[in-house]
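See structure below.
Protein chains: 2
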Amino acid sequence: MTIEPATIDPARLQPMANAIRALSMDAVQAANSGHPGMPMGMADVATVLLDRHMKFDPARPDWADRDRFVLSAGHGSMLIYSLLNLSGYARPTMEEIANFRQLGSPCAGHPENFLLDGVECTTGPLGQGLAMAVGMAMAERHLNAKFGDELVNHRTWVVAGDGCLMEGINHEAIGLAGHLKLGHLNVLWDDNAITIDGGTDMSTSEDICARYEATGWHVVRCDGHDFASIDAALEEAKADPRPSLVACKTIIGKGAPNKQGTSATHGAPLGPEEISAARDVLGWDAGPFTVPADIEANWRAVGAKGAEASAAWDARLAASAHKDAFEAQMVGPSAGADAALQDYIRGLAAEPKKVATRKASEMALGPLTEKLPQLIGGSADLTGSNNTKTPSTTPFMADDYSGRYVYYGIREFGMAAAMNGMALHGGVTPYGGTFLIFSDYCRNAIRLSALQQVGAIYVMTHDSIGLGEDGPTHQPIEQVMSLRLIPNLLTFRPCDTIETAECWALAIKSTETPSVLALTRQGLPQLRGEGDEAWTGADNRCAKGGYRLQSAKAARKVVLVASGSEVALAADCAAALEEQGIGTDVVSMPCTELFDTQDAAYKADLLPSHALIVSIEAGVTQGWERYTGLSGLNIGIDRFGASAPADQLFAKFGLTPEAIVPQILNKLSN
Amino acid sequence: MTIEPATIDPARLQPMANAIRALSMDAVQAANSGHPGMPMGMADVATVLLDRHMKFDPARPDWADRDRFVLSAGHGSMLIYSLLNLSGYARPTMEEIANFRQLGSPCAGHPENFLLDGVECTTGPLGQGLAMAVGMAMAERHLNAKFGDELVNHRTWVVAGDGCLMEGINHEAIGLAGHLKLGHLNVLWDDNAITIDGGTDMSTSEDICARYEATGWHVVRCDGHDFASIDAALEEAKADPRPSLVACKTIIGKGAPNKQGTSATHGAPLGPEEISAARDVLGWDAGPFTVPADIEANWRAVGAKGAEASAAWDARLAASAHKDAFEAQMVGPSAGADAALQDYIRGLAAEPKKVATRKASEMALGPLTEKLPQLIGGSADLTGSNNTKTPSTTPFMADDYSGRYVYYGIREFGMAAAMNGMALHGGVTPYGGTFLIFSDYCRNAIRLSALQQVGAIYVMTHDSIGLGEDGPTHQPIEQVMSLRLIPNLLTFRPCDTIETAECWALAIKSTETPSVLALTRQGLPQLRGEGDEAWTGADNRCAKGGYRLQSAKAARKVVLVASGSEVALAADCAAALEEQGIGTDVVSMPCTELFDTQDAAYKADLLPSHALIVSIEAGVTQGWERYTGLSGLNIGIDRFGASAPADQLFAKFGLTPEAIVPQILNKLSN
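Residue numbers (this note's numbering), protein chains in the order written: chain A, 5 to 674; chain B, 5 to 674.
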């Protein structure tokens, strides 16, 4: 449905825009830190957007068919706080705005999705907001393809600055959006030609509009301080079937008479004198954090318009044949993960398979993608290597958005950010693949998955020197441990088919914590199955992060703790030690983060202080001392890899029983 | 000087190009892994390039004025190995080529600069080769501005594939190059429209030539299998004052009759049957790793031409008034680092300063940049925040390449890669700034600094929650420890003005290991000075990575180990403990990597097993167990930060004596 537009009345709109300016400059001044320039520059554009184009209902920030608003230039956070408050969201309150950037205020320095409804994603790391918006627009088109215009038909609006457009991820994001013809994605570029260091001409000579056009985008320009010009541009953007860049020519810090148009307004308070002068220029008599009643009423009226649209949507949903399926889609796949895998895991137990864990991942994804329609997979141009595609996941293409497999292209960072956007949009659970080494390329997006508390799943294969001949540029050494250091992220490194399936189930059930699955290129024996000590059928043994895979036969003197491909190696070492009468446990540790959350008794049982604890992992050793202590032994690789067949590399780097067992014997004899 | 071109004679050139094809398909087949498609597709282009355009002397791979050749599409490594061997470099030998991708062969899966002369940089992580080439071209123009055409006047040639162009870093790299008008940079794009997943049309719809033009580049197209067309395009590229993209329309795997033009040739051996068919098509009768004598002679003649040019350059250098200065420039700044800082450090000792370490870094950079002309600084649009600019470093601009300060724009990854390129070019030592959190954006380039063994210096400020109000997106938590995990990288986190200067000296002297300086936004007291226990004048106490800053007054029971801004906190905690009669050492640990290389006695003296060892750092605790053991205590932050003034955050996260001392007392009493 179309929202009835009000007429363009500058006399009404200008004071509304100036309310944003006043709140922004006052809040930054009160905090004595922040960025007034962007919200003051984009106030007019944002006012027209909300007044005449954006579909939202402040009373229902979780309305599934709302337009999404992404402030990619997150440092201009006072823009979104102002908009939320003025248009009638319950929060932030004016008191919370007055406490901008203070402990406990939801008005953080950069917008945080977990602090405020209406903040669709956490922004600040430049370029990622726009890239997440691409994912939101993808999710919207996918759900639209499944459920039709009646239930899913909304836009994603982005406010982006020069920084967002200069970052590399911008190229990846707009390349993907242009290729996928995401016509419901509209980017409002705050074209103020100013960065922190000064004019953009200090560091770029690019024709941004031409670049967007070269990438399949529609481009329209407007005067960002002329309401009619803005409105016409937004109309044109909406009408075009391609994603649109609306180049809004603005003056940074507009309204601050002496500082506007300069980098002085970018990242510092204007100061009392300039604020006073700005009040004169803007005709703003009200004191700080006060909005005159008539202006506030006009803003509230803008927000109130959304109630009718959301009620109409409710009625359509209630009457829809898709109602149950839509609601199930939005609830997500987590409840079905275990059941989807049950038969498959039983089959593995009965008939063990020696395959690479990347292959085991594909095998688990078979039933998962078949039974869980919310899963949307993909890969950054490594589909056959990441083993991420299944028969159930047909391509997601510009001419068929119902597909569930995204060919992301060679765009790791863009993929990860798009996955965040999809997860934040809701209704889909994204997984995406690349080589583990390229977690470095998308690391900050993985961090934003964790910070934003979304359950994105990263399928990262070729997880060690085990990838062999490609050599040190492609061999992860520090990546697994580095990922473990990111708060609120689960790093899984399963050792065989069964663990891989269990880790997949845990990842899907982990809806507020993202997961990385680190998987091998090389084949690994299946270590669990019916009759084995560690086989417990329905139990997901990986759920505790680490568990005893094998118990010592002789009196326990040694505990070998390993992950992934080194668990089988640990079992071989244990066998050699037992032959010498040295009782040795093997602990499989697919997820240290989950193990860290177990109680002290469980940990002490697995890693008793009287035993020699030995960690074995084909990566850096630092970090493993948490489990081995200073009297333990850490077997790993603390240098870069080399190019050669994998088995030769494991020998070269001392990851063989022949190299490890003597070190353990030596340690025991000291 | 211009190299005399031979005439374009396909009868001579085609067999030369086919030699590349034969070696490439045979080597990949022998290794049973690798990428034959690219070298076979680009063989004709590469042959024309070396035959008629590139300035190089195989006998002198370290000739300072040689053209640089960068194989950005590093997976096509057999292209460069073939070229080096055929044109007469001492290595790789044919035997080494036959051992492609085997242990010990310098012909690694991807080209490694530390394994072979003539490999200017390590490539494989897509997009970074081209971005490093930008840095090489920058270094060339800078040295040209200082020493003139007679001594420095060479080109940087890049072979790049679709992957290199799709990666985000490509946008950053070409934006910088276009802005800086690096006319000596020429990119040969292997336009074969194939990626690993299939046709490029599966994931991109971009008009690449239009994008390059929008970014300030000259673009010329050629038929990559027509020698005259290639030659004309390269001539045009050289003539244009802008950086050039030469779009070479090629067929991937050209010469393999059944597989060429498909992704089947991209990353797998062709197989014996297809290789046999290719031999027929190419008219290549010679067996594997055999090049007919006439073809080899033609190739050797191409290489031999460079001797004259390099000898002429020698003569110009010998006669040049710039000779001494040029040679000193190329030797690098490391020998002068200590002397440059001597007076400054003495002054600090006499007159302590309480400043942020980012400010202390600027203070140290004053004398360093004044006295060491090889240093080239810059920042990714945070000059005033990173404090990276000094009076000696004027802007490096398209109209003045003599400047030594680069406004990199909002391009962290592009900056880091360009820094690698500059360092690899030689003659300049780059340092560049951004916020520490954005080490995530350029992490793989930092890794490539380490892998390539170059002394790039990363100035990374705002290194903890101490940055305050910007909040969790901008507050490093896991970054410092994550960087410590990268092999061959020194992560410095100095605690005051003197340590900052010492760490700068160590970083500059570390010519084969890159450095990160993690610096505070907030002010820190100076902890060392004349008369203090730890003051030793000329000694660089940070050189051992960690040292005893304060000795216990009472009998030593506790050792506090801290870095950066937490060293002063540790000193406050020690004072509180000493008041209770608990002898407490304070160990400052600015660089764990250097500490790890000390002998056991030094380590045991600092961190004795009988004392309670307590680590204090405003970041993740995992990794510190290496120094504290399981019986120690790890004080840190294992969650994301928050937005608030810094002092309130330190209190919130328990980084105060009031929060820490009771934990220590509790631990001692257990």
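Built from N, CA and C at the ideal position, the CB exists for glycine as well.
Alpha-carbon spacing of residue i relative to residue j, whole angstroms
i, j, result
"Val138(B)", "Ala177(B)", "7 Å"
"Leu564(B)", "Glu473(B)", "28 Å"
"Gly425(A)", "Thr199(B)", "26 Å"
"Pro296(A)", "Ala305(A)", "14 Å"
"Phe496(A)", "Ser567(A)", "9 Å"
"Asp600(A)", "Gln378(A)", "30 Å"
"Met367(B)", "Tyr348(B)", "9 Å"
"Asp536(A)", "Val571(A)", "15 Å"
"Leu428(A)", "Asp71(B)", "49 Å"
"Ile682(B)", "Ser569(B)", "Past the edges of chain B, shown from 5 to 674, lies residue 682(B), and the structure says nothing about it."
"Glu8(B)", "Lys59(B)", "Residue placement at Glu8(B) cannot be trusted, given a pLDDT of 49 that sits under 50; what the coordinates show is reported in the next sentence. Between Glu8(B) and Lys59(B), the C-alpha separation is close to 11 Å."
"Ala360(B)", "Ala574(B)", "17 Å"
"Thr6(A)", "Asn157(A)", "Confidence is the limiting factor: at Thr6(A) the pLDDT is only 46, short of 50, which leaves the residue's position unreliable and the question unanswerable from this model."
"Met334(B)", "Phe151(B)", "12 Å"
"Ala232(A)", "Leu274(A)", "29 Å"
"Phe657(A)", "Ile641(A)", "7 Å"
"Pro261(A)", "Asp227(A)", "19 Å"
"Ala384(A)", "Tyr412(A)", "5 Å"
"Leu669(A)", "Lys561(A)", "11 Å"
"Ala281(A)", "Gly287(A)", "10 Å"
Residue i and residue j closer than 7 Å at C-beta
i, j, result
"Cys546(A)", "Glu503(A)", "yes"
"Asp589(A)", "Arg552(A)", "yes"
"Asp500(A)", "Leu528(A)", "yes"
"Gly381(A)", "Thr392(A)", "yes"
"Ser514(A)", "Gly470(A)", "no"
"Gln550(A)", "Met593(A)", "Going by the sequence as given, residue 550(A) is Gly instead of Gln. Yes, these two residues count as a Cβ contact at 7 Å."
"Ile279(A)", "Pro19(A)", "no"
Residues that DSSP places opposite residue i in a beta bridge
i, result
"Cys226(B)", "Cys252(B)"
"Tyr409(A)", "Gly381(A), Pro399(A)"
"Arg139(A)", "The sequence shown places Gly at residue 139(A), rather than the Arg named in the question. None; Gly139(A) has no bridge partner."
"Gln554(A)", "Val590(A)"
"Phe73(B)", "Trp161(B)"
"Gly437(B)", "Ser383(B), Val463(B)"
"Ile198(B)", "Gly203(B)"
"Asn638(A)", "Ser619(A)"
Integer Cβ distance of residue i from residue j, believed to fall under 8 Å
i, j, result
"Ile664(B)", "Ile620(B)", "7 Å"
"His39(A)", "Gly271(A)", "5 Å"
"Leu83(A)", "Leu90(A)", "No, Leu83(A) and Leu90(A) are not in contact; Cβ-Cβ is about 11 Å, not under 8 Å."
"Thr517(A)", "Asn492(A)", "5 Å"
"Ile101(B)", "Leu27(B)", "6 Å"
"Ile173(A)", "Leu130(B)", "The Cβ separation is near 15 Å, so there is no contact."
Handout entry: Positions along the region 491 to 518 of chain A whose CB lies within less than 9 Å of some CB in chain B
Key = Listed by position, the residues of the region 491 to 518 of chain A near chain B (Cβ gap below 9 Å) are Pro491, Asn492.
Practice task
Taking only beta carbons into account, state which residues of the region 462 to 478 of chain B come closer than 8 Å to chain A, listed in chain order.
Solution key: So the list reads Gly472, Glu473, Asp474, Gly475, Pro476, Thr477, His478, given in the order they occur along the chain.
Handout entry: Positions along the region 597 to 626 of chain B whose CB lies within less than 7 Å of some CB in chain A
Key = Listed by position, the residues of the region 597 to 626 of chain B near chain A (Cβ gap below 7 Å) are Val624, Gln626.
Handout entry: Residues of the region 124 to 154 of chain A with Cβ closer than 7 Å to any Cβ of chain B, in chain order
Key = Listed by position, the residues of the region 124 to 154 of chain A near chain B (Cβ gap below 7 Å) are Thr126, Gly128, Pro129, Leu130.
Practice task
Taking a Cβ distance cut-off of 9 Å, strictly less, list which residues of the region 90 to 112 of chain A are near chain B, in chain order.
Solution key: Residues of the region 90 to 112 of chain A with a C-beta atom less than 9 Å from some C-beta of chain B are Phe104, Arg105, Gln106, Leu107, Gly108, Ser109, Cys111, Ala112, listed in chain order.
Exercise for the section: Select from the region 416 to 427 of chain B all residues with a C-beta closer than 7 Å to any C-beta belonging to chain A, and list them in chain order. Expected result: So the list reads Phe417, Gly418, given in the order they occur along the chain.
Practice task
Scan the region 363 to 385 of chain A for residues whose Cβ lies nearer than 8 Å to a Cβ of chain B and list them as they occur along the chain.
Solution key: Answer set for the region 363 to 385 of chain A: Ser383, Asp385.
Practice task
Report the residues of the region 638 to 669 of chain B with a CB closer than 8 Å to any CB of chain A, ordered along the chain.
Solution key: Under the 8 Å Cβ criterion, the region 638 to 669 of chain B contributes Asp642, Arg643, Phe644, Ala646, Ser647, Ala648, Pro649, Gln652, Leu653, Lys656.
Handout entry: Under 9 Å (Cβ pairs) to chain A, residues found in the region 185 to 209 of chain B
Key = Along the region 185 to 209 of chain B, the positions whose C-beta sits under 9 Å from a C-beta of chain A are Lys185, Thr199, Ile200, Asp201, Gly202, Thr204, Asp205, Met206, Ser207, Thr208, Ser209, read in chain order.
Exercise for the section: Give the residues from the region 428 to 461 of chain B that approach chain A closer than 7 Å (Cβ to any Cβ), ordered along the chain. Expected result: When CB distances to chain A are screened at a threshold of 7 Å, the residues of the region 428 to 461 of chain B falling below it are Asp444, Tyr445, Arg447, Asn448, Arg451, Leu455, in chain order.
Practice task
Scan the region 159 to 186 of chain A for residues whose Cβ lies nearer than 8 Å to a Cβ of chain B and list them as they occur along the chain.
Solution key: Cβ contacts with chain B come from Asp166, Gly167, Met170, Glu171, Gly172, Ile173, Asn174, His175, Glu176, Gly179, Leu180, Gly182, His183.
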